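J.: One structure, as structure tokens, below. Some questions next.
There are 2 protein chains.
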Amino acid sequence: MENKNNHRMDPEELRTYGKKVVDWIADYLKDIDKYPVYPNLKPGDIRKQLPDSPPVSSENMDAILEDFNRIILPGITHWNHPNFHAYFSITGSAPGILGEMLSSALNVNGMLWRTSPSATELEEVVLDWLRQMLGLPSDFKGVITDCGSASNLVALSAAREAIHKRVREKGLAGRSDIPKLRLYCSDQTHSSVEKAAIVLGIGQDGVRKIRSDREYKMDIAALSAAVEEDKKDGWLPFAVVATVGTTSSTSIDPVPAIADICQREHMWLHVDAAYGGIAAIVPEMRYVINGCDRADSFVTNPHKWLFTPIDCSALYTRHADTLKQAFSLVPDYLTTSEGTVNNYMDWGVQLGRRFRSLKLWFVIRNFGVDGIITHLREHCRLAGILAGWISREKSFELLAPVPLSVVCFRFHPEGISDELKLEQINSGIIDNVNATGKAFLSHTKLHGKYTIRVAIGNLATTERHIAGLWELIKAKAAEY
Amino acid sequence: MENKNNHRMDPEELRTYGKKVVDWIADYLKDIDKYPVYPNLKPGDIRKQLPDSPPVSSENMDAILEDFNRIILPGITHWNHPNFHAYFSITGSAPGILGEMLSSALNVNGMLWRTSPSATELEEVVLDWLRQMLGLPSDFKGVITDCGSASNLVALSAAREAIHKRVREKGLAGRSDIPKLRLYCSDQTHSSVEKAAIVLGIGQDGVRKIRSDREYKMDIAALSAAVEEDKKDGWLPFAVVATVGTTSSTSIDPVPAIADICQREHMWLHVDAAYGGIAAIVPEMRYVINGCDRADSFVTNPHKWLFTPIDCSALYTRHADTLKQAFSLVPDYLTTSEGTVNNYMDWGVQLGRRFRSLKLWFVIRNFGVDGIITHLREHCRLAGILAGWISREKSFELLAPVPLSVVCFRFHPEGISDELKLEQINSGIIDNVNATGKAFLSHTKLHGKYTIRVAIGNLATTERHIAGLWELIKAKAAEY
Chain A
433 MENKNNHRMD PEELRTYGKK VVDWIADYLK DIDKYPVYPN LKPGDIRKQL
483 PDSPPVSSEN MDAILEDFNR IILPGITHWN HPNFHAYFSI TGSAPGILGE
533 MLSSALNVNG MLWRTSPSAT ELEEVVLDWL RQMLGLPSDF KGVITDCGSA
583 SNLVALSAAR EAIHKRVREK GLAGRSDIPK LRLYCSDQTH SSVEKAAIVL
633 GIGQDGVRKI RSDREYKMDI AALSAAVEED KKDGWLPFAV VATVGTTSST
683 SIDPVPAIAD ICQREHMWLH VDAAYGGIAA IVPEMRYVIN GCDRADSFVT
733 NPHKWLFTPI DCSALYTRHA DTLKQAFSLV PDYLTTSEGT VNNYMDWGVQ
783 LGRRFRSLKL WFVIRNFGVD GIITHLREHC RLAGILAGWI SREKSFELLA
833 PVPLSVVCFR FHPEGISDEL KLEQINSGII DNVNATGKAF LSHTKLHGKY
883 TIRVAIGNLA TTERHIAGLW ELIKAKAAEY
Chain B
433 MENKNNHRMD PEELRTYGKK VVDWIADYLK DIDKYPVYPN LKPGDIRKQL
483 PDSPPVSSEN MDAILEDFNR IILPGITHWN HPNFHAYFSI TGSAPGILGE
533 MLSSALNVNG MLWRTSPSAT ELEEVVLDWL RQMLGLPSDF KGVITDCGSA
583 SNLVALSAAR EAIHKRVREK GLAGRSDIPK LRLYCSDQTH SSVEKAAIVL
633 GIGQDGVRKI RSDREYKMDI AALSAAVEED KKDGWLPFAV VATVGTTSST
683 SIDPVPAIAD ICQREHMWLH VDAAYGGIAA IVPEMRYVIN GCDRADSFVT
733 NPHKWLFTPI DCSALYTRHA DTLKQAFSLV PDYLTTSEGT VNNYMDWGVQ
783 LGRRFRSLKL WFVIRNFGVD GIITHLREHC RLAGILAGWI SREKSFELLA
833 PVPLSVVCFR FHPEGISDEL KLEQINSGII DNVNATGKAF LSHTKLHGKY
883 TIRVAIGNLA TTERHIAGLW ELIKAKAAEY
């Protein structure tokens, strides 16, 4: 098959282009301050520069990389920028990138132990390391999924299985022997929990959102009352999702009290600590996961605040057997002869599984636990500094406590009390800040109040960046 | 925060180590023939070499990479090896690896258009390129998920939503207004379809497996009869999953006839073409997806047979609105102001989404459509050669047609007719081949017959590798 159409880049070309790409990456990360954080584009601006049809013949890698620089890069929102403060600020650190490079090259699928023993065993070991770093009990066993939404779905599948062993077999539809199912979370819970309920056939009506208190924590009395009321009305309460570090304000639900209720009512306790859980690595912040040792399942995302490139979510459960009971299906072509090995395909929806533990292993080793603690502490310190500046500025108000590294506030000049007017002003401030390309912010609403969020979690972010951001926000606010 | 604990690898160190890793990757791929395909290990062999606890202090990247070579590499099953023929043989090609390197460095989350316009728009464009390469209609709109199992789950969620608009809201549990739901697939369908049914609350009982014919294709008369019977028994038939390239034997279900039934019975037609669909890129093999233009949803996996590193699955649907109706949930913190943009978070379970279109773009451009066709053709040619050799060897028998690049057969010496005995012999052959480290095979069962599978799909595989494999198999068979 020697003909002009069989082009395939050989290892020597990969060596050459790989080094070019590494140079590009190093330069990019060195100069990250110089990029506009948010590209000021209109929808379609990137698309219209790309050909409508695929190329018939092989294109040279130089041309492709040039197009990457010319077309793709100007449409990137730079999550690496030290003034990216939207959603959650993250870092795909250097050791994590190196780990991803090797995972991509090895290209193994970690579905079975035998499809790469190292992938399975490293996943077990590195998740146990993380468990120890968090101070969770040794009966918590972990699996890596791609994201918190997937982890929440898998955990709630197990919770559903736990209430009735035959859901897996019989399903939920058309059954008179299973009542309507209820799961509880607060009105601050991440939308992926409701999405999981939709997928699982529990439905949005099956999710009862308990009101949050003034600090955006689940109101325990309201939870208790809701469960009582639902039982009387014929619902079957089966799970509670508590959050450690809600997406809007990073509030921390009172997990110990929720665990008491779950124990009393035989409900599954799932803790969504996707962002906040990582803080428990810091000794003086270990309290954030108080009570989580009593959870049935627990998720935290190394790709959020543990310097690991997207995607890497760590899901733990004390009931691996229930989880596997919900998911395990072994067709003939996947039976194995090693006896009792751990086949991670049994732990969730996905059969195809990237070798994600490698990057997490690289990150934990290269930073060391002390290094990780130092950086997490610094992020919280920076958030505290910003919160201090805000609280001392009369025309601004903090809208939530700052237990972790996200600051929620708004500009609230004297004399304006109309919420709609305040929303217009504050969304204008965000838009105007973002339009400068110097920083990128996102918003939320807290009990109806439009809120500016500043998330801090990038390793490149220093006090200077936070000071600059604060000056920029004040300058944009002064225009109102 | 200048202290010894704040180690963070800077861009210059990343440059140095990145180039070391690139050299490692190039050497690894150059020497891939020299590695044992399957590591002969016992469970726990890797684990016991890893420390029980994470390091307190930062470890040098050189030491980490040394441990990667010393501990991890010997436990890798080499999916890159040209004689890896288990499951599906895949290639994470050089341009794909380069794309992954850049994705990891950019570390963007493609959940919203605004979280990286390029990620969303390139995903749209490159999936439309692939659609054109497959010859599917222009109303097929795509989304990238991590794997076929996830794509099947998302597609069947949409199918469930389509039958009853209020499933999303009301769920399935405890409802007297929704009958038991049935979906149909063949007894050859991938286990992820049954897993999706479990997750969706349809249950294993809700999956009716239609018998396959002698060529392992879904029996149309049996499907028709099953639907009729189920309707009489009060089931609600809502979806059929047809497969183009089943996992066991790569059989191709009669999609046009299935589409007729789906149309008549108002059922959603989902086509799982995770592996086989890619073949439609080859003009003379376009027929494999005959009828798929009438599907409601269709999945094919570039990480299987399109030279793209794991993970990358392309899900298409003609009913993006239904799919989004099943999934879209927009909390306050994710509302955007751009008007009508495509936010891929609305297309499925996952909120966190890697920038996966980049590697697929690199692959399609660097190979060119003609290059891809040449390689796919060559894989099918190699499978044909092996099938020819097998059919001419009296003591071997082919167990299935070879429409694509997987060959199913067994050693069947004269005088042995006991299935259990044949299973022992053939599983012994596989084990003994795998123990040499020279090739890696997996098995399946076809209508009760234990089957050796040889999957071909690696770009490094040549006729010489297939010839060597065949000699090895014959040698191991001769020991019985």
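Protein chains in written order, with our numbering: chain A, 433 to 912; chain B, 433 to 912.
Quick reminder that beta carbons are idealized off the backbone N, C-alpha and C, glycines included.
This one's a predicted model, so the numbers in the text were calculated from it and none came from an experiment.
1) I'd like to know whether the C-beta of Asp-465 (chain A) is nearer than 8 Å to at least one C-beta of chain B.
2) According to a CB-to-CB cut-off of less than 7 Å, which residues of the region 718-734 of chain A neighbour chain B?
3) Could you pull the DSSP bridge partners for Asp-645 (chain A) from this structure?
4) With Thr-806 (chain A) as the anchor, note down where its alpha helix (DSSP H) starts and where it stops.
5) Taking the C-alpha atoms as reference points, what is the distance between Lys-679 (chain B) and Asn-512 (chain B)?
6) Does Thr-509 (chain A) get closer than 8 Å to chain B when you measure Cβ to Cβ?
7) Ala-518 (chain B) and Phe-759 (chain B): beta carbons closer than 8 Å?
8) Rounded to a whole number of angstroms, what is the C-alpha to C-alpha distance between Ile-905 (chain B) and Ser-550 (chain A)?
9) Closest to Asp-578 (chain B) by CA distance: which of B:Cys-744, B:Asp-442, B:Gly-784 is it?
10) For Thr-876 (chain A) versus Thr-868 (chain A), is the C-beta distance shorter than 8 Å?
11) Grab me the residues of Pro-688 (chain A)'s own chain with a C-beta within less than 8 Å of its C-beta, minus the 5 sequence neighbours each way, in chain order.
12) Can you tell me whether DSSP reads Ser-624 (chain A) as helix, strand or coil?
13) Find the residues of chain B that neighbour Tyr-748 (chain A), judging by a C-beta separation of less than 7 Å, and give them in chain order.
14) So, is the C-beta of Cys-840 (chain A) closer than 8 Å to a C-beta in chain B?
15) Per DSSP, Lys-466 (chain B) forms a beta bridge with which residues?
16) Express the C-alpha separation of Ala-712 (chain B) and Val-731 (chain B) in angstroms, rounding to a whole number.
17) Between the C-alpha atoms of Gln-564 (chain B) and Leu-655 (chain B), what's the straight-line distance to the nearest angstrom?
18) Compute the Euclidean distance between the alpha carbons of Leu-613 (chain B) and Gly-635 (chain A), then round it to the nearest angstrom.
19) Within 8 Å, do at least three Cβ pairs link the region 604-621 of chain B to the region 846-858 of chain B?
20) What residues in the region 590-605 of chain B have a beta carbon less than 9 Å from any beta carbon of chain A?
21) At a threshold of 7 Å, does Gly-869 (chain B) count as lining the ligand NAD (C-beta to nearest heavy atom)?
22) Starting from the beta carbon of Gln-782 (chain A), find every residue of chain B whose beta carbon is closer than 7 Å, and list them in chain order.
23) Any beta carbon from chain A within less than 8 Å of Trp-737 (chain B)'s own beta carbon?
24) Among A:Thr-552, A:Ala-594, A:Ser-489, which residue has its Cα nearest to the Cα of Thr-754 (chain A)?
25) Grouping DSSP H, G and I as helix and E and B as strand, with all else coil, what is Phe-520 (chain A)?
26) Do you know offhand how far Gly-784 (chain B)'s Cα is from Lys-881 (chain B)'s?
27) Restricting to Cα atoms, I'd like to know which of B:Val-781, B:Phe-787, B:Ser-490 is closest to Leu-538 (chain B).
28) Determine the closest residue to Leu-836 (chain B) out of B:Tyr-467, B:Ser-521, B:His-510, with distance taken between C-alpha atoms.
29) Between Lys-451 (chain A) and Val-454 (chain B), is the Cβ-Cβ spacing less than 8 Å?
30) Could you give the distance in angstroms between the alpha-carbon of Met-441 (chain B) and the alpha-carbon of Ile-503 (chain B)?
31) Find out if the Cβ-Cβ distance for the pair Trp-793 (chain A), Pro-475 (chain B) is shorter than 8 Å.
32) Nearest CA to the CA of Ala-591 (chain B): which residue from B:Ala-910, B:Glu-810, B:Leu-761, B:Ala-671?
33) List the residues of chain A whose Cβ lies closer than 9 Å to the Cβ of Gly-450 (chain B), in chain order.
34) Give the residues of chain B in contact with Tyr-648 (chain A), contact being defined as C-beta atoms less than 9 Å apart.
35) Which of helix, strand or coil does DSSP assign to Lys-881 (chain A)?
36) Nearest-angstrom Cα distance between Arg-643 (chain A) and Cys-617 (chain A)?
T.: Once the coordinates are examined:
1) So, not an interface residue.
2) none
3) DSSP, once it has assigned bridges, lists no residue as partnering Asp-645 (chain A).
4) 789-823
5) What sits at residue 679 (chain B) in the sequence shown is Thr, not Lys. Distance between the alpha carbons of Thr-679 (chain B) and Asn-512 (chain B): 20 Å.
6) yes
7) no
8) Each residue's Cα considered, the two are about 27 Å apart.
9) B:Cys-744
10) no
11) Asn-722, Gly-723, Arg-726
12) Look at Ser-624 (chain A) here: in three-state DSSP terms it is helix.
13) Going along chain B, no residue has its Cβ under 7 Å from Tyr-748 (chain A), so there is no contact; the nearest lies around 16 Å.
14) no
15) Paired residue(s): none; Lys-466 (chain B) is not in a bridge.
16) 13 Å
17) Distance between the alpha carbons of Gln-564 (chain B) and Leu-655 (chain B): 31 Å.
18) 16 Å
19) Contact fails: fewer than three Cβ-Cβ distances are below 8 Å.
20) Listed by position along the chain: Arg-592, Glu-593, Arg-598, Val-599, Arg-600, Glu-601, Lys-602, Gly-603, Leu-604, Ala-605.
21) Inclusion of the ligand NAD in the displayed structure is not the case, the ligand content being empty and no account of it being possible.
22) Asp-578, Cys-579, Ser-581, Ala-582
23) By this cut-off, Trp-737 (chain B) is not an interface position.
24) A:Ala-594
25) coil
26) 42 Å
27) B:Phe-787
28) B:Ser-521
29) Cβ atoms of Lys-451 (chain A) and Val-454 (chain B): closer than 8 Å.
30) 23 Å
31) no
32) B:Ala-671
33) Gly-450, Lys-451, Val-453, Val-454, Asp-455, Ile-457, Ala-458, Ala-526, Ile-529, Leu-530, Met-533
34) Within 9 Å Cβ-Cβ: nothing; Tyr-648 (chain A) doesn't reach chain B, min ~12 Å.
35) strand
36) Straight across, the Cα-Cα distance linking Arg-643 (chain A) with Cys-617 (chain A) is about 9 Å.
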